[in-house]
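Chains as they are written, first to last, in this note's numbering: chain A, 1 to 244; chain B, 1001 to 1244. Since the structure comes first, as structure tokens, the remarks are kept for the end.
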DNA sequence: ATAGTATGATTGTCGGACAATATGGCCATC
DNA sequence: GATGGCCATATTGTCCGACAATCATACTAT
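Dropping the structure here:
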């Protein structure tokens, strides 16, 4: 073992302050929904200048550990939701030049087990959400924009019904990244819309019956079908995903 | 449609500045590795005070879009790596009281297809990394700490070999979260160590042969085996994941 | 070529200041 | 009692100026 010296760990004040506050949030000393003390009070408590506190708060804000309620002044502790996490991941994917194909492959991996789990863990409420998503898709099918949103909501409803709270968090960035490609597909291939509707209905029915295998298989087919649609529309899957 | 008014979108200066810079990074005007202008220069360019620039920089730093090279002063543009993303996600999972079981279920979903993809997309370099990981695990098997690290590196090598750059990013937080539980398992059930070694070797061999189905099946068995280990050791899977 | 030194640039931290706005209490009106 | 107007105060957003510590660089001496 080479005994190369590690660089001395030193963090500037704003980082240490942010770390302290973050630790209090993570260990639940500061509960979600509570509001933080004012900047001035924090400054006196930590014995530092207000500027430093403000820099620390910006870090925490960007980490989605604190946020401002709309139109209010004080910062409150929040827990990062799927949408926020997704935004961060989307940025990372974009900077890594991840391609549409790679994102799609992940969905091919995630969605069938998600549907299966949803069939097993379904409740009246989650099932209704799925049914509503399916109905909403049918209703908005005509308009490309609404159709794309409907597809997203369908997948979200499935993930939400799976009973696994990690799944929605991991799925969300993928969905966000695909909306652009999906929009092109749905715009260019009208027959796809009907196929999507049918597949959604089958999956929904299978989940309603608690038939996990069937739901999984239909979902696998559904996702594969999307990919064929991409190829049919000559959507180049190897292009980097957009960062919009 | 109810026509409830949206709140007027207004962002304080530091947020707008951060947004501007982030946009420049995402559209590659500022390339990865480049260093940002000094705070003073940014302040004059944006026509605002240095304090505001600093707050914006803290946001970007926390978003892992910029970072300081170790021991240096200037901030450079970086692209968030798996480890950074993982930390953020770990925080989120912890705050959502995600359980070990949920994390483990996600690995059960992700890993078998990952192994299959690795068998299909393997290269000399990626295969070597897997082989080295397997060898390192065997070598360090005795010591619980090194064994846990070895398991993590094995999974990372697989994901890296899959040719899908999304996979490592999604897998990393799961691995980080499981190290605690894995440590307990490996400490408590010595025979598990040998089983892990054997499974790793089988999977590695299957990937080396380009046999995707075999790799997938062995990986599925491997992951399931972990879960049995958890149950055998009476590790309560429904406890929230730690936030270490 | 390497080590030391001087110089300038940049960051980390501080203090104070002020305008704009949210908060909360008080009062009048219905 | 609920509602809306009004005011004092607290808090945030933004600015300015300052200074020590540290990094980058050029220059010098060995």
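Where is the CB? At the ideal position from N, CA and C, for every residue including glycine.
If the five residues before and after residue 202 of chain A are omitted, its C-beta is found closer than 7 Å to the C-beta atoms of 218, all from its own chain and listed in chain order. According to the DSSP assignment, residue 42 of chain A belongs to the alpha helix (DSSP H) that extends over 39-46.
In this structure, the beta-carbon distance from residue 151 of chain A to residue 182 of chain A falls below 8 Å. Annotation: the continuous alpha helix (DSSP H) that includes residue 138 of chain A extends over 124-140. Proximity of the segment 29-43 of chain A to the segment 88-99 of chain A falls short of the contact definition, fewer than three beta-carbon pairs being nearer than 8 Å. Scanning B:1017, B:1120 and B:1184 for the CA closest to the CA of residue 1160 of chain B turns up B:1120. Taking a beta-carbon distance threshold of 8 Å, residue 219 of chain A does not count as an interface residue toward chain B. Residue 1109 of chain B has a beta carbon lying within less than 8 Å of a beta carbon in chain A. Taking all protein chains shown into account, residue 1018 of chain B has 16 or more neighbouring C-beta atoms within 10 Å of its C-beta and is therefore buried. One alpha carbon belongs to residue 1082 of chain B, the other to residue 146 of chain A, and they sit about 34 Å apart.
Among the CB atoms of chain A, none fall inside 8 Å of the CB of residue 1021 of chain B.
The CB of residue 1164 of chain B comes closer than 8 Å to the CB of 102, 105 and 106 in chain A, given here in chain order. With at least 16 other beta carbons inside 10 angstroms of its own, residue 153 of chain A counts as buried. For residue 156 of chain A, the closest C-alpha among the options A:124, A:107, A:139 and A:144 is that of A:107. Spatial neighbours of residue 32 of chain A in its own chain (CB-CB distance under 7 Å, excluding positions within 5 residues in sequence) are listed in chain order as 77, 78 and 79. With the criterion set as a beta carbon lying under 7 Å from some beta carbon of chain B, the members of the segment 75-93 of chain A are 79, 80, 85, 88, 89, 91, 92 and 93, in sequence order. Put simply, the CB of residue 34 of chain A is far from chain B, with every gap to its CB atoms at 8 Å or more. Its chain contains 1108 as the residues whose beta carbon lies nearer than 8 Å to that of residue 1224 of chain B, once the 5 sequence neighbours on both sides are disregarded; these appear in chain order. Around the C-beta of residue 45 of chain A, fewer than 16 other C-beta atoms lie within 10 Å, and the residue is accordingly described as exposed. Per DSSP, residue 1181 of chain B has no beta-bridge partner at all.
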